[in-house]
Structure formats: structure tokens, C-alpha cells
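What follows is a single structure, written as C-alpha cells, with notes after it.
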Amino acid sequence: MRLPAAIEKKRPPSKANGGPLEVADIFRQYGPEFRANHSLSKKQHSVMFDIERCRTAELGYHVDVCSECGYTEHAYNSCHNRHCPKCQGITQHKWVKARLNDILPIPYYHAVFTLPHKIFPISLYNKVIFCELLFECAAQTLLQFGKDPRHLGALIGFYGILHTWGGKLWQHLHLHFIVTDGGLDEKGKWVEPKYKGKFLFPVCALSQVFRGKFIEGLKSAYYKGKLMFPDEFSHLKEPQLFEAWIDELIARDWVVFTKPPFLSPEEVVKYIGRYTHRVAISNNRLISIKDGQVRFRYKNYKKKGFKGYSWEEMTLPAEEFIRRFLMHILPEGFHRIRHFGFLANGRCKTAVKKIREMLAPREHKPSDLKDFAGIPCPVCKKGIMTPLLTVHRFGTLVFSASRLLCSSKPAWDTS
Numbered sequence: 193m194r195l196p197a198a199i200e201k202k203r204p205p206s207k208a209n210g211g212p213l214e215v216a217d218i219f220r221q222y223g224p225e226f227r228a229n230h231s232l233s234k235k236q237h238s239v240m241f242d243i244e245r246c247r248t249a250e251l252g253y254h255v256d257v258c259s260e261c262g263y264t265e266h267a268y269n270s271c272h273n274r275h276c277p278k279c280q281g282i283t284q285h286k287w288v289k290a291r292l293n294d295i296l297p298i299p300y301y302h303a304v305f306t307l308p309h310k311i312f313p314i315s316l317y318n319k320v321i322f323c324e325l326l327f328e329c330a331a332q333t334l335l336q337f338g339k340d341p342r343h344l345g346a347l348i349g350f351y352g353i354l355h356t357w358g359g360k361l362w363q364h365l366h367l368h369f370i371v372t373d374g375g376l377d378e379k380g381k382w383v384e385p386k387y388k389g390k391f392l393f394p395v396c397a398l399s400q401v402f403r404g405k406f407i408e409g410l411k412s413a414y415y416k417g418k419l420m421f422p423d424e425f426s427h428l429k430e431p432q433l434f435e436a437w438i439d440e441l442i443a444r445d446w447v448v449f450t451k452p453p454f455l456s457p458e459e460v461v462k463y464i465g466r467y468t469h470r471v472a473i474s475n476n477r478l479i480s481i482k483d484g485q486v487r488f489r490y491k492n493y494k495k496k497g498f499k500g501y502s503w504e505e506m507t508l509p510a511e512e513f514i515r516r517f518l519m520h521i522l523p524e525g526f527h528r529i530r531h532f533g534f535l536a537n538g539r540c541k542t543a544v545k546k547i548r549e550m551l552a553p554r555e556h557k558p559s560d561l562k563d564f565a566g567i568p569c570p571v572c573k574k575g576i577m578t579p580l581l582t583v584h585r586f587g588t589l590v591f592s593a594s595r596l597l598c599s600s601k602p603a604w605d606t607s
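Going by the working numbering, the sequence shown wraps up at 607, each residue one higher than the last.
If you want it as C-alpha cells, here you go:
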């Protein structure tokens with residue numbers, strides 16, 4: 193399709209060389225060789241394809257126009273892949289804003305459930321089973337402790353966010369939860385914890401119950417023939433050896449911890465918002481790539497500084513870097529953010545409204561996060577850059593309906 197001359201002249205230039213290093217640069221430079229030497233899943237191929245082409249001419253481009261001064265700007269389209277380091281900002285902001293709409297005037301806790309490292313090699317070949325089991329067992333553990341009269345005796349509400357990586361990009365399955373400091377009892381009344389302000393539930397007991405639930409679920413999957421084992425773990429196909437492996441897992445400590453409540457409900461959601469749409473490694477952690485070696489920063493929690501960790505550097509061959517990154521590609525349709533208890537989908541709005549009415553006398557500081565109206569105009573600073581047209585990767589031209597309705601000019605006439 194031939195574009196109008198006004199748009200042809202403003203077609204965005206190709207990306208200049210230089211600038212900050214990106215995961216996309218590593219994929220473009222070393223991806224072809226990696227794909228030739230490794231067997232990848234369809235999903236992994238798709239993720240590499242999207243990241244390599246994100247915000248390049250290969251995905252087309254769009255034209256935005258200022259709502260006030262008419263300034264136009266051209267930019268390449270994003271891939272919108274949830275594993276892409278460049279495509280999470282707006283989605284993350286919207287998620288955080290939606291959670292702030294559900295905020296209650298109570299403290300919130302940050303809880304983390306982690307699987308032992310010994311389990312990770314098997315989890316790589318059974319990703320869906322292990323991730324689903326992790327969500328189910330951790331969530332059921334929290335709900336069980338919440339309903340126990342010795343601790344609370346009520347239905348709590350919480351969000352869960354799955355992370356599969358550590359700082360060095362190794363497999364590290366763990367869940368981050370944001371948990372309400374209280375819940376609804378059987379009569380629909382709000383109940384607060386007995387140890388208010390100190391801890392939510394005893395973490396040692398949480399760890400033991402979580403371990404028991406996960407081991408039970410893992411053994412159930414094994415005896416139903418659902419687990420796959422790589423060659424180096426093929427001996428676990430023998431039930432006796434599998435049970436011995438399970439005994440080793442039981443003997444280990446399963447890390448579960450909760451942090452003290454945050455100063456305000458808004459603070460906790462902003463904090464957990466930093467976890468919601470992360471990918472295995474962000475572009476700003478990359479330092480350099482030279483002679484096939486990728487150098488990047490990571491947090492070392494064993495060498496604790498004043499923040500509880502210290503920043504260190506690590507170098508990996510590009511092939512190993514790509515391999516570790518692709519370990520964390522989630523299956524199609526897998527939800528890595530989930531809601532539980534009275535915050536579960538379908539009951540959240542009703543429950544939050546009811547609880548707010550019960551807690552009405554409490555002060556609730558309004559959110560200081562502004563709605564994401566859009567990108568401000570870089571020229572007049574007053575207007576918002578709104579879509580005028582989009583040219584998709586195969587040349588399909590799409591005009592903005594809002595612009596067409598608001599203007600008598602052709603959509604491509606920006607004079």
C-alpha cells in the first residue's frame with residue numbers, strides 16, 4: 193500500500209548504531225548461531241523473534257500527534273511481548289493503578305515462598321507442573337493459616353507474582369505475595385491479627401506446611417506419570433530412588449519469609465509493582481559485550497551492604513547468556529500474576545467495598561499516583577501524544593478513529 197507523500201517523507205530513519213546495550217543486541221548478534229546449534233520450543237523462537245525486532249522497522253511504525261499543538265512524531269512499533277525488557281513500563285503502571293483502586297486502609301505484608309535449589313533441574317523439564325504446584329501450595333498455605341483461629345480465623349486477601357530467575361539468570365522459582373493484615377470471618381466481620389504490626393504468621397510453621405503440601409503434590413504428579421526426567425536424572429524413574437530424592441528435599445529448609453508491614457498501603461503496592469512485570473534481566477543491568485562475552489550486574493545477597501545486598505559484576509559467554517534467558521520463557525497463556533482470597537477475581541470489588549464501609553472511620557491517604565493519560569508532548573509540554581496512524585509489520589495502514597472523528601481533514605494531513 194502506497195502511503196501519502198506527507199507520511200513517506202516522515203518515515204522514521206533506521207536505528208543508529210551505538211547507545212545503551214540491549215538484550216535485543218545480543219540476540220541479533222548471536223541468536224542465529226544459537227538457534228542453529230540448539231533445539232528451541234516454538235515459544236522460545238517467538239520470544240527471540242519479537243525481542244530482536246522490537247522497535248525496529250521490521251515491526252512497522254506509528255505516527256503520534258499532540259492533542260494541543262499538532263506536533264507529530266514517528267516511532268517504531270513495540271513487540272508487546274511480556275518477556276521483552278522494553279515493553280513492560282506502561283503495562284506495569286496500569287497494573288499498579290488498578291491495585292491502588294482496591295487498596296484498603298490497613299497494613300500489608302510482603303511474603304516470599306521459595307523452592308530449594310535441588311529441585312530446579314527437574315523443574316526445567318516440568319515447568320507448568322512445578323509453577324502451578326508452587327502457586328497452589330503457597331496460596332493454600334496462606335489461606336490455611338488465615339482461617340486458623342489460632343492465627344486469625346478469617347479469609348485473607350493477597351496477590352501472587354511468579355519469578356523464575358535469580359540474579360545470575362539461573363533457575364530460581366519463587367513467589368512474591370502481598371497479603372492483607374487481616375481478613376473476613378464467617379460472619380463477614382473484619383478480623384485483625386493477634387500479633388499486629390510484628391509478623392503476619394510464624395514463618396517456620398509456614399515453611400513446614402508449604403513443604404508438606406508441595407511434596408504431597410509432587411508425589412501425586414509422579415505416581416500419575418506426569419513428570420518428565422532428563423537423562424542425568426533418569427534414575428528417578430525408579431520409585432525407590434525417587435522416594436530417596438524426596439527424602440533429601442524434605443530434609444532441607446524451604447525458605448519462606450515475610451517482611452514487616454509497609455508504612456502505607458500505597459507504598460506496598462508501589463513496591464510490589466516493581467516485581468510484577470519484570471523479565472529475567474533488564475537492559476540497564478547489561479554492561480558490555482565483547483569477543484562473545486556478556487558482562488552484566490547482579491545483586492549479591494550473600495555480601496550484604498547497607499541495602500541488604502551488594503552489586504557485583506559477572507561475565508558469561510553469549511551462548512550461555514541466551515540459554516539462561518530462554519530458561520525463563522513462560523508457557524503460552526500462563527498467568528504469572530494471580531489474586532487469592534477475598535481479592536480473587538469475581539469477589540474483589542464486592543469484598544473491598546464491604547470492608548471499606550466497616551473501616552470507614554480510619555484515615556485513608558489518597559493515592560499520589562496519577563492516571564497514565566499518555567506521553568506528554570515534548571514541544572508544548574501541555575498536550576498528550578495520541579495515535580494518528582499505525583503501519584503494521586506487513587504494511588497494513590490503520591487510522592486512529594478518535595482523530596478521524598475530531599477532524600475534517602484527511603488523517604494523513606498534518607499541515
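Idealized CB from N, CA, C, for every residue including glycine.
As the structure is a computational prediction, the values presented were derived from the model and not from experiment.
**Prompt:** Buried or exposed: where does Ser259 fall if 16 or more other Cβ atoms within 10 Å of its Cβ makes it buried?
**Reply:** By the Cβ-count criterion, Ser259 is buried, with 16 or more other Cβ atoms from all chains shown falling within 10 Å of its own Cβ.
**Neighbourhood of Val544 by C-beta, 6 Å cutoff - its chain only, sequence neighbours within 5 removed** = Asp294
**Message:** Does Tyr493 pass the burial test, meaning 16 or more other C-beta atoms within 10 Å, or should it be called exposed?
**Reply:** When all chains shown are included, Tyr493 counts as exposed.
**Prompt:** Does the segment 322 to 329 come close enough to the segment 499 to 511 that 3 or more CB-CB pairs lie under 8 Å?
**Reply:** no
**Asked** Can you list, in chain order, the stretches of the beta strand (DSSP E) that have 3 or more residues and sit fully within the segment 270 to 332?
**Response** Listed in chain order, the complete beta strand (DSSP E) runs (minimum 3 residues) inside the segment 270 to 332 are 300 to 306.
**Asked** Of the choices Pro308, His254, Leu316 and Ile521, whose alpha-carbon is the least far from that of Pro277?
**Response** Ile521
**Asked** How about Ile348 and Val371: are their beta carbons less than 8 Å apart?
**Response** yes
**Asked** So which of Gln280, Phe586, Leu580 and Ala552 has the shortest CA-CA distance to Trp382?
**Response** Ala552
**Asked** Quick one, are the C-beta atoms of Tyr351 and Ile547 less than 8 Å apart?
**Response** no
**Item:** Coarse secondary structure for Asn476, derived from DSSP in three states
**Value:** helix
**Residue burial classification, Val590 (beta-carbon count within 10 angstroms, cutoff 16)** = In summary, Val590 is exposed, with fewer than 16 beta-carbon neighbours lying within 10 Å of its beta-carbon over all protein chains present.
**Message:** Quick check: what's the CA-CA separation for Ala397 versus Asn475?
**Reply:** 39 Å
**Request:** Grab me the residues of Gln236's own chain with a C-beta within less than 6 Å of its C-beta, minus the 5 sequence neighbours each way, in chain order.
**Result:** Closer than 6 Å at Cβ, skipping near neighbours: Leu518 and Ile521.
**Asked** Thr542 by DSSP, collapsed to three states: which one?
**Response** Helix at Thr542.
**Item:** Pick from Ile438, Ser502 and Pro313 that is closest to Thr409, judged by C-alpha positions
**Value:** It is Gly, not Thr, that sits at residue 409 in the sequence shown. When each option's Cα is compared against that of Gly409, the closest is Ile438.
**Request:** Kindly give me the distance between the Cβ atoms of Tyr253 and Val583, rounded to whole angstroms, as I take these residues to be in contact under 8 Å.
**Result:** 6 Å
**Item:** Residue from Arg247, Cys271 and Leu296 whose Cα sits closest to the Cα of Phe454
**Value:** Leu296
**Prompt:** What is the DSSP secondary structure of Val471, reduced to helix, strand or coil?
**Reply:** DSSP, read as helix, strand or coil, puts Val471 in coil.
**Request:** Could you pull out every residue in the same chain whose Cβ sits closer than 6 Å to the Cβ of Thr306, ignoring the five residues on either side in sequence?
**Result:** His366 and Val447
**Asked** If you drop the 5 nearest sequence neighbours on each side, which residues of the same chain put their C-beta closer than 7 Å to that of Pro558?
**Response** Note that Pro558 has pLDDT 49, beneath the 50 cutoff, so the model's placement of it is unreliable and the number below is only indicative. Counting only Cβ-Cβ distances below 7 Å, and skipping sequence neighbours, we find nothing.
**Prompt:** CA-CA distance, Pro422 and Pro452?
**Reply:** 41 Å
**Item:** His309 to Ala331 span [Cα, whole Å]
**Value:** 20 Å
**Asked** Thinking just about the alpha-carbon of each residue, which of Cys246, Thr264 and Leu361 is nearest to the one in Phe488?
**Response** Leu361
**Prompt:** When the Cα atoms are used, what is the spatial distance from Pro224 to Val239?
**Reply:** 14 Å
**Item:** According to DSSP, residues forming a beta bridge with Tyr490
**Value:** Glu504
**Item:** For Met519, the three-state DSSP class (helix, strand or coil)
**Value:** coil
**Request:** Go ahead and pull the three-state DSSP assignment for Gly566.
**Result:** coil
**Asked** In whole angstroms, what separates the C-alpha of Ala228 from that of Asp242?
**Response** 18 Å
**Request:** Within 10 angstroms of the Cβ of Ile442, are there 16 or more other Cβ atoms? Answer buried if so, exposed if not.
**Result:** Flag for Ile442 reads exposed.
**Message:** Quick check on DSSP: helix, strand or coil for Pro579?
**Reply:** Taken through DSSP and simplified to helix, strand or coil, Pro579 comes out as strand.
**DSSP state of Ala346 mapped onto helix, strand, coil** = In the three-state DSSP reduction, Ala346 falls in the coil class, being neither helix nor strand.
**Message:** Along the chain, where does the beta strand (DSSP E) containing Val448 start, and where does it finish?
**Reply:** Val448 to Lys451
**Request:** Go ahead and pull the three-state DSSP assignment for Cys258.
**Result:** strand
**Message:** For the structure I just gave you, are there three or more beta carbon pairs, one from the segment 414 to 434 and one from the segment 281 to 293, closer than 8 Å?
**Reply:** no
**Prompt:** Opposite Thr248 in the DSSP bridges: which residues?
**Reply:** Paired residue(s): none; Thr248 is not in a bridge.
**Request:** Using three-state DSSP, classify Val609 as helix, strand or coil.
**Result:** Absent from the structure is residue 609, since the part of the chain shown begins at 193 and ends at 607.
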